[in-house]
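Protein chains in written order, with the numbering used here: chain F, 70 to 185; chain L, 6 to 120.
Written below as structure tokens is the structure these notes are about.
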């Protein structure tokens with residue numbers, strides 16, 4: 070499977086615990102995005118990387134959230150001291166970007182986080 | 006800031022019939038991209054169709070077509086000959102041109118297809 074892969078697919082955690090999600094983009098894609106989708110809403114942008122550089126972070130990304138893409142390949146999204154309001158689907162997407170052409174993003178299946 | 010509005014939370018269509026999903030958006034940009042994404046239950050979001058704002062011709066992809074009205078900032082999706090596999094959530098999304106490639110999504114619409 071050469072699509073965007075996310076792990077785990079589901080995560081249940083107790084309030085106050087830390088969680089980490091992983092995203093493996095399509096191999097030749099240099100851009101990687103994280104979105105959050107709550108029930109009944111569309112995905113909301115969190116952050117994105119070009120190669121290993123984090124180029125933009127949304128105001129939705131509080132200090133408890135951190136994302137990395139250390140080698141410009143896979144990315145991790147960590148949430149510290151989880152709160153019930155963090156319960157959502159976390160979507161990863163990737164796209165190629167050459168500076169001349171900006172194509173559509175391809176999405177993974179998401180990680181569904183439930184904070185109890 | 007750009008906003009995307011999908012005011013219909015749910016729609017239903019009979020198999021083989023045609024359905025139109027509505028979307029409006031707000032932007033001060035003159036050039037941008039608009040998308041319709043499909044999200045089946047428990048499956049990943051996939052691109053259905055894309056429209057460049059500078060193109061006057063409406064995009065079509067097989068049974069899917071759009072009605073792009075730039076002045077009205079309206080971007081509706083028409084699904085012809087609806088199939089059971091079309092049942093999903095559909096999201097309208099906006100993206101500016103240039104280096105910034107993040108998407109702004111609407112709330113989505115749940116489409117059900119009656120056999």
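Cβ atoms here follow ideal geometry from the backbone N, Cα and C, with glycine treated the same way.
Asked                                                                                                       : Found
Proximal residues, the stretch 47-58 of chain L versus chain F, C-beta separation under 7 Å                 : 48, 49, 50, 52, 55
Positions along the stretch 145-165 of chain F whose CB lies within less than 9 Å of some CB in chain L     : 160, 162, 164
CA nearest to the CA of residue 115 of chain F, picked from F/150, F/137, F/109                             : F/137
Where residue 91 of chain L sits in the DSSP three-state scheme                                             : helix
Between the CA atoms of residue 66 of chain L and residue 162 of chain F - distance to the nearest angstrom : 22 Å
Coarse secondary structure for residue 61 of chain L, derived from DSSP in three states                     : coil
Beta-carbon proximity list for residue 68 of chain L, same chain, < 7 Å, skipping 5 on both sides           : 84, 85, 86
Assigned exposure category for residue 81 of chain F - 16 Cβ within 10 Å defines buried                     : exposed
Interface residues of chain F facing residue 113 of chain L [CB-CB closer than 7 Å]                         : 111
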